[in-house]
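Working notes, beginning with the structure itself.
Numbering (our numbering), first residue to last: 1 to 321.
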């Protein structure tokens, strides 16, 4: 098997979960045959390819490894050390979405929608909501008011801004990339949309009582929306509607995930997430493939906005058919 040169790769696509990495691999224009050289202390096997002219490595966690910010930090550290010519990175995968239908206008986040981490007002684009200090007078306080993590690279934020100019119809730019992979196979099936009729949201009152929320189905050409705002990152898997709502209202976050805080200060990635659940007791994995594919489609749209750097001696490629 041929040996790949780490010097030739400028973009890191970090997809911690298996389903996220499978969506990323299908999204490649070409896969590069071969393997990167490894030695003692190199813990991760990276996949390689190109997309929109960029030479990309796809980094994922080893099979069976526990996910979370600690594991993501270790992965990102080796990516940064292994690839000396990295220009920028993207963290692409799934997350819990946090609808808020009581605010005006309503934050009608649905399963399969896309969340993009961006600062809003005084809020950071990524908030490590369990990183702080407990005080006797004020209770729990975030370190540096939540601004403890690095910002996404300027070029990535600029590309996101270019896509965002088309809002609220920016998802139209994403659909063609999704259509190309939706029937591709993954370890549990395909990336096909489970259907809006299977998207069920419950609201919870102060006593913990649940009630079903009635929402009209979206038109097919408005099936998916992209939401921009702060995303919360922590080490606990969220399956508690009341706690979810507390975090949403306290920190103004649109979603919750478990890897970005561990990645950001090593590689200042753009955080792109597809909504696979609502962070409540009804959480399951049914929507993960579709959500992962939609996030990957948005990430490819970001790459299409950024002209690639010229790298000499570009590696050979296999068409990703």
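Glycine included, every Cβ here is placed at the ideal spot set by N, Cα and C.
Chain C within 8 angstroms of residue i, Cβ atoms only
{"i": "residue 297", "result": "The chain labelled as chain C is not found in the depicted structure, where only one protein chain is given."}
Neighbourhood of residue i by C-beta, 8 angstroms cutoff - its chain only, sequence neighbours within 5 removed
{"i": "residue 71", "result": "16, 61, 65, 259, 262"}
{"i": "residue 205", "result": "211"}
{"i": "residue 113", "result": "97, 224, 225, 226, 227, 274, 275, 294"}
{"i": "residue 240", "result": "279, 280, 281"}
{"i": "residue 284", "result": "277"}
{"i": "residue 43", "result": "62, 74, 78"}
{"i": "residue 120", "result": "228, 229, 230, 252"}
Bridge partner(s) assigned by DSSP for residue i
{"i": "residue 7", "result": "Note: residue 7 sits in no beta bridge, so no partner."}
{"i": "residue 39", "result": "DSSP output for residue 39 lists no bridge partner at all."}
{"i": "residue 14", "result": "59, 91"}
{"i": "residue 323", "result": "Lying before the first or after the last residue shown, residue 323 is absent from the chain, which here runs from 1 to 321."}
{"i": "residue 256", "result": "96, 232"}
{"i": "residue 54", "result": "51"}
{"i": "residue 128", "result": "233"}
{"i": "residue 25", "result": "Partner(s): none; residue 25 has no beta bridge."}
{"i": "residue 75", "result": "Partner(s): none; residue 75 has no beta bridge."}
{"i": "residue 107", "result": "100"}
Integer Cβ distance of residue i from residue j, believed to fall under 8 angstroms
{"i": "residue 192", "j": "residue 101", "result": "About 27 angstroms; that fails the 8 angstroms criterion."}
{"i": "residue 226", "j": "residue 270", "result": "Contact flag wrong, Cβ pair sits at about 13 angstroms."}
{"i": "residue 118", "j": "residue 12", "result": "In fact, because the Cβ distance is near 20 angstroms, the residues do not count as touching under 8 angstroms."}
{"i": "residue 130", "j": "residue 208", "result": "Incorrect: roughly 22 angstroms between the Cβ atoms, too far for contact."}
{"i": "residue 278", "j": "residue 201", "result": "6 angstroms"}
{"i": "residue 288", "j": "residue 109", "result": "No, residue 288 and residue 109 are not in contact; Cβ-Cβ is about 16 angstroms, not under 8 angstroms."}
{"i": "residue 327", "j": "residue 88", "result": "No answer is possible for residue 327: it lies beyond the span of the chain, which begins at 1 and ends at 321."}
{"i": "residue 111", "j": "residue 199", "result": "4 angstroms"}
{"i": "residue 308", "j": "residue 53", "result": "4 angstroms"}
{"i": "residue 159", "j": "residue 305", "result": "4 angstroms"}
Counted within 10 angstroms of its Cβ, other Cβ atoms place residue i as buried (16 or more) or exposed
{"i": "residue 156", "result": "buried"}
{"i": "residue 126", "result": "buried"}
{"i": "residue 229", "result": "buried"}
{"i": "residue 238", "result": "buried"}
{"i": "residue 183", "result": "exposed"}
{"i": "residue 27", "result": "buried"}
{"i": "residue 282", "result": "exposed"}
{"i": "residue 169", "result": "exposed"}
{"i": "residue 165", "result": "exposed"}
{"i": "residue 1", "result": "exposed"}
{"i": "residue 257", "result": "buried"}
{"i": "residue 195", "result": "exposed"}
{"i": "residue 99", "result": "buried"}
{"i": "residue 244", "result": "buried"}
{"i": "residue 248", "result": "buried"}
{"i": "residue 68", "result": "buried"}
{"i": "residue 103", "result": "exposed"}
{"i": "residue 63", "result": "exposed"}
{"i": "residue 171", "result": "buried"}
{"i": "residue 22", "result": "buried"}
{"i": "residue 252", "result": "buried"}
{"i": "residue 219", "result": "exposed"}
{"i": "residue 76", "result": "buried"}
{"i": "residue 124", "result": "buried"}
{"i": "residue 292", "result": "buried"}
{"i": "residue 167", "result": "exposed"}
7 angstroms Cβ shell around residue i - same chain, five flanking residues per side excluded
{"i": "residue 4", "result": "32, 34, 35, 36, 48, 315"}
{"i": "residue 24", "result": "13, 15, 58, 92, 296"}
{"i": "residue 115", "result": "95, 97, 227, 231, 254, 255, 273, 275"}
{"i": "residue 10", "result": "54, 55, 85, 86, 87, 309, 311"}
{"i": "residue 51", "result": "27, 28, 29, 300, 303"}
{"i": "residue 7", "result": "84, 85"}
{"i": "residue 242", "result": "204, 208"}
{"i": "residue 323", "result": "Within the shown structure, residues of the chain are numbered from 1 to 321, placing residue 323 beyond reach of any answer."}
Sequence-distant residues of its chain with Cβ nearer than 6 angstroms to residue i (five each side left out)
{"i": "residue 174", "result": "297, 298, 301"}
{"i": "residue 179", "result": "none"}
{"i": "residue 41", "result": "none"}
{"i": "residue 80", "result": "266, 267"}
{"i": "residue 177", "result": "297, 300"}
{"i": "residue 187", "result": "none"}
{"i": "residue 203", "result": "211, 213"}
{"i": "residue 236", "result": "none"}
Tell me the start and end of each unbroken alpha helix (DSSP H) in the stretch 146 to 231 that is at least 4 residues and wholly inside, in chain order. 154 to 164, 175 to 181
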